[in-house]
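Participant: All letters in the sequence shown, in the order written, are residues 118 to 548 by the working numbering.
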Amino acid sequence: MSRMLIQGGRVLDPACGHDGPADVLVEDGRILEVAPGIVARDAERLEAAGCWVAPGFVDLHVHLREPGQEYKEDIASGGRAAVAGGFTAVCCMANTDPVNDDPSVTDYIRDRARQDSPTRVYPVAAATKGLDGQVMSEMVALVQAGAVAFSDDGRTIMDSGMQRRVLEYSRLVERPVMVHAEDRSLVRDGVVNEGPTATRLGLPGNPAAAETVHVARDLLLAELTGAHLHVAHVSTAGAVELIREARSRGVHVTAEVTPHHLTLSDEATLGFDTNTKMAPPLRSREDVEACRQGLADGTLDAIATDHAPHAVHEKEVEFTTAPPGVIGLETAFAVVMELVRSGCLRPMQLIAALSSNPVQVARLPGGLLKRGEPADVVVLDPERSWTYDPLKGYSKSRNSPWAGRELVGRVVATVVGGDLVYHVDRGALLP
Ligand code: DOR
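(1) I need the straight-line Cα distance from residue 302 to residue 448, nearest angstrom please.
(2) In the structure shown, what three-state DSSP assignment does residue 217 receive?
(3) What does DSSP give as the partner residues of residue 322 in its beta bridges?
(4) What are the start and end residues of the alpha helix (DSSP H) that includes residue 465?
(5) Rounded to whole angstroms, what's the CA-CA distance from residue 455 to residue 505? Just pull it up for me.
(6) Figure out for me which residue from 133, 392, 340, 431 has the closest Cα to the Cα of residue 381.
(7) Secondary structure at residue 337, three-state DSSP: helix, strand or coil?
(8) At what residue ranges does the stretch 341–398 contain a whole run of the alpha helix (DSSP H), taking only runs of 4 or more?
(9) If you drop the 5 nearest sequence neighbours on each side, which residues of the same chain put their C-beta closer than 8 Å to that of residue 286?
(10) Taking 8 Å as the threshold (C-beta atoms), are residue 156 and residue 486 in contact?
(11) Would you report the Cα separation of residue 210 and residue 524, rounded to the nearest angstrom?
(12) In chain order, what residues of the same chain lie with their CB nearer than 7 Å to the CB of residue 385, ignoring the 5 residues before and after it?
(13) Among the residues of its own chain, which have a CB less than 7 Å from the CB of residue 246, if the five just before and after it don't count?
(14) Distance check for residue 144 and residue 159, CA to CA, integer angstroms please.
(15) Consider the C-beta atom of residue 247 and the heavy atoms of ligand 1; say whether any pair is separated by less than 7 Å.
(16) With hydrogens ignored, establish whether the beta-carbon of residue 419 is closer than 7 Å to any heavy atom of ligand 1.
(17) Between residue 510 and ligand 1, is the CB less than 7 Å from at least one heavy atom?
Put into structure tokens, the structure is as follows:
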């Protein structure tokens, strides 16, 4: 019997509605008790005085790059970056090489994760073969292999008839369809948000309408089919409003927003730093504010990183040719703590957006600190400041817009299934 006592912290557990001082006793990988002043002399002790103790974070949107692009990231390095960021589970996107559009690839990812990753890994399978938008993937077989959702992320299903079919079939397997909402005919060669910043930079613009047009279409198709639509990386005020309105009509829609779209506007791109290039792009200040409000009022359910590693030689090129994407697992909590400090979110709302809400979106186990639940727990110091150096991080890549920045808020410890897999003073511990 193995026991761990997480002692002296403030427990923030949105699903149980618990906010207050308490200890958490873990036994054989599961939560045994949450209460103040637990005495358990035989238990390993994890000190949490001055810290928040919360359900482990769950990231609905990461790119682990394995199989096929292990020079950028692999399941082991991405898994270590995840636990260093407090994520006890991640959903990994299908744009690997080969694409995760076949049960053999889903199996491979799950096997590798079981062997190598300290975090739980839930594969998201491709909605269409090869992410080509032409032929639907075999959803039943993919779900049987362990896929938790479907997405052609990184690409967009432009054919509305195909999108309708994908949504219809997703109902049969009761899994969400996560959409990368960018109308390619509107994006064209755009690399930054269309507007004054693009003009100043002299770079081709990607209009907000590329997102809103696509979100509007998919909301209508979700309504038509009754399927669960999940809008990935929302970046525009218009999309937030469309989702809010559709939900009020009873459409089954959930949505996520990234730490970067919550805190950086397109002005961050003015120095031509390719680590501010992502898809969708950073938007206007008004869009950032709308995303923050959308998260605060519950229109947007989850914070997801869209952790997208790229190698230095790929990013150190001119802006138009650099691949889009930034890493984000290790900085997510510290970056979004700014929303609490500015009064936009209460601590409990922030924790919900990082843990219990994503669990509900992807219908995963856990997400709460209740007796019998898996002991996936994170210990957080909301006040601790640190300077982020990607070279000292666990991701194989360094493409972060926060490199060298002082951040406030630090993951102190991460526990997965009752095992301490990360401690800020000891680093990531191998499974
Ligand atoms: O910025 C992005 N990078 N957005 C995506 O949708 C794909 C991702 C990647 O795979 O690099």
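By construction, the Cβ of each residue, glycine as well, lies at the ideal position given by its N, Cα and C atoms.
Facilitator: From the atom records:
(1) 33 Å
(2) coil
(3) The beta-bridge partner set that DSSP reports for residue 322 consists of 309.
(4) 464–471
(5) When the Cα atoms are used, residue 455 and residue 505 turn out to be separated by approximately 15 Å.
(6) Considering only alpha carbons, the answer is 392.
(7) helix
(8) 354–365, 376–380
(9) 253, 256
(10) no
(11) 28 Å
(12) 393, 399, 518
(13) 218, 252, 254
(14) 11 Å
(15) no
(16) Because no heavy atom of ligand 1 lies under 7 Å away, the Cβ of residue 419 does not count as near it: no.
(17) no
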